[in-house]
Amino acid sequence: MLELVKTADGSNTLFNSEVGENYHSRNGALQESKHVFLNSGLQHYLSAHETEHISVLEVGFGTGLNFLITTDFCTEKHLNLDYTGIEAYPLNTGLIEQTGYGEYVSPEIWKTFLKYYPETLIKKTSVNEYCKLLVAHCKLMDFKTDLQFDVLYFDAFASIHQPEMWTDESLSHVCQFLKPGGVFVTYAI
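Be aware that the sequence shown starts at 265, since it is given in my numbering, and climbs by one per residue.
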């Protein structure tokens, strides 16, 4: 069962009672997304690489908050973003809409994301002129692609709740999709 929970920074997250874990930090979902994934992941990569095209792989797409924050940033900077999320248990659009994340990104990005989210579970879809999204509906070890990514957002539930996501085998599997010189970022370890 999923329950909407307000975090310390005023943004919402979801609590998954089956796993016993929140989708984002109770100290601040928005703060975590910006600090860990956008600043320490994407912006760190961009500080070392001059490029107009960036590719991101996210393990644990969840609510889409990391995608939304990243898309908003890339759109403002006119960077082309190719974003792939891996999600074994995709949320429905109505539940994502209840998070209220539209107040943290441009209204156009929010509306377009909600409109096209179901399609992104089937094929790569343009969210706007800069950003494309594909959400691979599969478990991590079943994910396969010939692509390699600049940045890897590893946003699985904590190892105490999902130890299978943090094994050497799982981490090796996902790291094969990271380009040499790419950035692996997570909230834990």
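Quick reminder that beta carbons are idealized off the backbone N, C-alpha and C, glycines included.
Please list, in chain order, all residues of the same chain as residue i whose beta carbon is under 8 angstroms from its beta carbon, the five residues on each side excluded.
i	result
Leu-398	Tyr-347, Thr-348, Gly-349, Thr-384, Lys-387, Lys-388, Thr-389
Pro-354	Phe-325, Leu-385, Val-399, His-401
Leaving out five residues before and five after residue i in sequence, what residues of the same chain have Cβ atoms less than 6 angstroms from its Cβ?
i	result
Phe-421	Val-283, Glu-285
Lys-396	Asp-346, Lys-388, Ser-390
Give the range of the alpha helix (DSSP H) segment to which residue i is assigned.
i	result
Glu-383	371-384
Gly-274	It is not in any alpha helix (DSSP H) - Gly-274 carries neither H nor E in the DSSP assignment.
Phe-331	329-341
Leu-359	357-362
Leu-294	293-296
For residue i and residue j, I'd like the C-alpha separation in whole angstroms.
i	j	result
Ile-424	Val-323	17 angstroms
Ile-360	Gln-426	22 angstroms
Leu-310	Thr-357	31 angstroms
Ser-289	Thr-277	8 angstroms
Asp-457	Met-405	Only positions 265 to 453 of the chain appear in this structure, which leaves residue 457 out of reach.
Asp-273	Leu-302	17 angstroms
Leu-411	Cys-439	12 angstroms
Ala-352	Ala-312	32 angstroms
So does residue i have its beta carbon nearer than 6 angstroms to some heavy atom of the ligand NAP?
i	result
Ala-352	Here there are no bound small molecules, and the ligand NAP is not part of this structure.
DSSP on residue i, reduced to helix/strand/coil?
i	result
Lys-408	coil
Pro-508	Within the shown structure, residues of the chain are numbered from 265 to 453, placing residue 508 beyond reach of any answer.
Could you give the first and the last residue of the continuous beta strand (DSSP E) run that contains residue i?
i	result
Ile-350	344-350
Using alpha carbons as the reference points, say which of the options lies closest to residue i.
i	options	result
Leu-216	Tyr-368, Asn-392, Val-447, Gly-364	Nothing can be reported for residue 216, as the shown portion of the chain is limited to 265 through 453.
Ser-370	Leu-329, Asp-336, Lys-379	Asp-336
Gly-445	Thr-271, Ser-319, Thr-327, Pro-382	Ser-319
Trp-374	Ala-293, Asn-330, Ala-352, Gln-412	Asn-330
Ser-275	Gln-362, Phe-377, Phe-407	Gln-362
Can you name, in chain order, every residue of its own chain whose Cβ lies under 7 angstroms from the Cβ of residue i, other than the five neighbours on each side?
i	result
Tyr-394	Cys-338, Thr-339, His-342, Leu-343, Asn-344, Leu-345
Gly-305	Val-415, Tyr-417, Val-447, Val-449
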